[in-house]
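Trainee: Per my numbering, the very first residue in the sequence shown carries number 28; after that it's consecutive.
Where is the CB? At the ideal position from N, CA and C, for every residue including glycine.
First, the structure itself, so that you have it in front of you.
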Amino acid sequence: MNTANICSDDLLKLLLSDHDDSQDWRRAMTHVDQCPGCQARLEQLAADDALWRDAQDLLSSQQEDANRAANGAPDRNANQHRDRSRRWPTAWTDSMARQMLSPASHPEMMGRIGRYDVERLIGSGGMGVVFKAFDTELNRPVAVKVLAPYLAGSGAARKRFAREARAAAAVVHEHVVAIHNVESDGEAPFLVMPFVAGESLQQRIDREGPLELCEILRIAMQTAAGLAAAHAQGLVHRDVKPSNILLEQGVERALLTDFGLARASDDASLTHTGYHPGTPQYMSPEQARGETVDCRSDLFSLGSVMYAMATGRPPFRAETSYGILRRVTDEEPRRIEELNSDIPAWLTSLITKLLAKSPDDRFADADHLAELLEACIAHVRQPAVNPLPEELKSETWGDRFRSQLSQQWRWGVRNPMFLLATVLMLVPLMVWVLWILRSPVLQTESDPDIVSRIGDGRPADTQTVNNAAESTTPAVSPKSQNTHPTDTTVMPVWNDDLNTQLNDLSLELDALLDSLQPE
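Rendered as structure tokens:
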């Protein structure tokens with residue numbers, strides 16, 4: 028195959044539309060991987076960004092295979108690599124989706140699956156597609172989620188899909204999308220849910236950016252309540268993210284969805300390079316490390332969703348999935364108040380606790396979190412009647428200082444030169460603190476002349492007081508003006524400027540911490 032043929036638009040379009048297994052197709056893919064001109068043209072020809080990302084993932088995975096072979100490393104996932112090269116793209120078109128459907132029973136319909144007339148494609152992803160359909164027997168609109176063909180061919184995937192979908196169907200809650208039916212015997216397994224008119228939380232954030240405080244609390248509270256119902260059934264969602272939270276149109280109701288598919292993807296035999304059981308930006312650290320997870324992992328993900336609602340962006344971002352996962356496990360997100368000063372400190376504290384790296388440092392369960400958020404909503408609406416929960420106002424200045432100092436220290440360990448500069452800046456500050464603490468803050472009035480003047484109700488002269496301040500005898504004052512001058516009690520007399528100095532020092536420490544915060 029010559030270069031001219033490889034660089035033709037016809038072949039590039041073929042690469043976008045078909046995952047052929049021929050030798051020419053593979054050679055073309057290898058060429059495009061090394062040809063910047065073809066890569067640029069391929070991006071222009073692609074239908075949208077999602078399809079281009081899918082092609083990029085395929086090219087990069089083939090390069091990984093080539094590097095592995097060049098290094099002599101055994102390919103332990105050969106079957107997965109072959110499946111990956113044939114997988115369906117995440118950018119679905121109507122023509123692709125129709126291949127999964129039976130012929131339509133009505134000319135206005137797209138096709139048919141089971142007893143459901145499919146009207147249109149409403150969503151797609153690496154795991155499958157979602158159709159809007161009509162239940163002809165019960166006369167109601169529904170959403171039908173179909174497992175992707177590259178997973179439907181696996182017996183283990185089909186069994187797991189059916190098992191997890193039935194488990195999710197046991198979760199009956201007003202803030203969880205119900206599952207009406209599960210079909211696993213046909214060519215492509217699918218599950219049926221009520222059709223929710225509205226949009227996803229991700230679409231809302233993309234359109235509006237940071238949300239209002241009451242809306243953040245309401246959506247988070249309702250999602251936490253839905254998670255609590257799922258956790259009570261022994262289910263861990265593991266893919267809590269804005270696109271899996273639906274906002275029903277016309278009513279203030281959030282619904283958690285996608286339990287079935289999230290659970291269906293956890294089998295190692297079903298996982299291929301570039302895909303994970305969960306979404307990197309919203310994964311918990313233990314999930315990112317591949318460890319066993321429990322309900323507290325979902326709480327971390329919900330904290331990430333709340334961060335996105337408050338700031339308009341996920342807490343952890345990087346150019347690659349690996350970079351995101353490393354930040355999830357090792358780094359702290361940027362402080363919310365730097366991105367949105369309208370968020371109150373108590374909500375920032377709550378989100379920070381949800382984003383704790385250790386599960387033991389988060390809230391114990393979703394039930395408690397939902398109750399806490401409900402109390403916060405009541406406080407925001409009527410602060411005079413409903414005080415802020417004690418749990419959120421118990422944090423002292425010292426707690427915040429230690430938390431910030433801990434975050435700065437972890438960041439400094441990863442940036443030793445910056446840590447050294449910080450220490451050099453802190454040394455003179457600490458010397459100043461010690462000088463203040465060792466200065467004479469107690470003035471003594473033990474001089475007989477001072478005592479006699481106070482006892483007689485007459486002020487002591489300035490020179491006498493200054494001389495007395497140089498002594499080390501504790502200051503004294505009479506119990507009352509009618510008692511003998513020698514009948515005295517110890518009373519400290521503080522320097523008038525000390526409180527002002529300490530307040531200034533506190534403000535300088537806060538300013539220093541803010542200046543050290545990494546961008």
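#1: Taking all protein chains shown into account, decide if residue 100 is buried (16 or more other Cβ within 10 angstroms of its Cβ) or exposed.
#2: At the level of alpha carbons, what is the spacing between residue 268 and residue 216?
#3: Cα separation between residue 385 and residue 314?
#4: Suppose contacts are defined by Cβ-Cβ distances below 8 Å. Is residue 344 in contact with residue 308 by that definition?
#5: Consult DSSP for residue 228 and reduce its assignment to one of helix, strand or coil.
#6: Per DSSP, residue 325 forms a beta bridge with which residues?
#7: So, is residue 381 buried or exposed, given that buried needs 16 or more other C-beta atoms within 10 angstroms?
#8: Measure the C-alpha to C-alpha separation of residue 319 and residue 132 and round it to an integer number of angstroms.
#9: Between which residues of its own chain and residue 377 is the CB-CB distance below 7 Å, once the five residues before and five after are set aside?
#10: Compute every distance between the C-beta of residue 406 and the non-hydrogen atoms of the ligand ATP, then say whether any falls below 7 Å.
#11: Since residue 159 sits in a beta bridge, which residues does DSSP pair it with?
#12: Taking residue 272 as the reference, which of 374, 388 and 286 has the closest Cα?
#13: Between 161, 453, 383 and 283, which lies nearest to residue 228 when the distance is taken from Cα to Cα?
#14: Return helix, strand or coil for residue 210, following the three-state DSSP convention.
#15: Quick one: Cα of residue 370 to Cα of residue 185, how far?
#16: Following the continuous alpha helix (DSSP H) through residue 201, name the residue where it begins and the one where it ends.
#17: Looking only at its chain, what residues have a beta carbon closer than 6 Å to the beta carbon of residue 246, apart from the 5 residues adjacent to it on each side?
#18: Span of the beta strand (DSSP E) holding residue 281?
#19: Hey, is the stretch 167-178 in contact with the stretch 135-149, meaning 3+ C-beta pairs nearer than 8 Å?
#20: Between the Cα of residue 327 and those of 261, 390, 262 and 198, spot the shortest distance and give me the residue it belongs to.
#21: Bridge partners for residue 222 per DSSP, in chain order?
#22: Just tell me which of 372, 349 and 340 has its CA closest to the CA of residue 360.
#23: Buried or exposed: which applies to residue 65, given that a residue is buried once 16 or more other Cβ atoms fall within 10 Å of its Cβ?
#24: Rounding to the nearest angstrom, what Cα-Cα distance links residue 124 and residue 405 in this structure?
#25: Assign residue 188 to one of three DSSP states: helix, strand, or coil.
#26: Spell out the partners DSSP gives residue 139 in its beta bridges.
#27: So, using beta-carbon positions, are residue 325 and residue 263 closer together than 8 Å?
#28: Going by DSSP in three states, residue 370 sits in which element: helix, strand or coil?
#29: I'd like to confirm the pairing. Which residues does DSSP put opposite residue 275 in its beta bridges?
#30: Three-state secondary structure (DSSP) at residue 286?
#31: For residue 320, report the span of its alpha helix (DSSP H) as first-last.
#32: Pull up the distance between the alpha-carbon of residue 322 and that of residue 365, whole angstroms please.
#33: Touch check for the stretch 232-245 and the stretch 202-215: three-plus C-beta pairs under 8 Å?
Mentor: With the structure as the only source:
#1: Summary for residue 100: the model assigns pLDDT 45, below 50, so the residue's position carries little reliability; its value from the coordinates is reported in the next sentence. Exposed, because fewer than 16 other Cβ atoms sit within 10 Å of the Cβ of residue 100.
#2: 24 Å
#3: 12 Å
#4: yes
#5: helix
#6: Beta-bridge pairing links residue 325 to no other residue.
#7: buried
#8: 47 Å
#9: 419
#10: Only the bare structure without any ligand can be found here, which leaves the ligand ATP out of the picture.
#11: 147 and 170
#12: 286
#13: 283
#14: strand
#15: 45 Å
#16: Residue 201 -> no alpha helix (DSSP H), and no H or E assigned at all.
#17: 281
#18: 281-283
#19: yes
#20: 390
#21: Bridge partners of residue 222: none, in fact.
#22: 340
#23: buried
#24: 46 Å
#25: helix
#26: 129 and 144
#27: yes
#28: coil
#29: 225
#30: helix
#31: Element bounds for residue 320: n/a, residue is neither H nor E.
#32: 30 Å
#33: no
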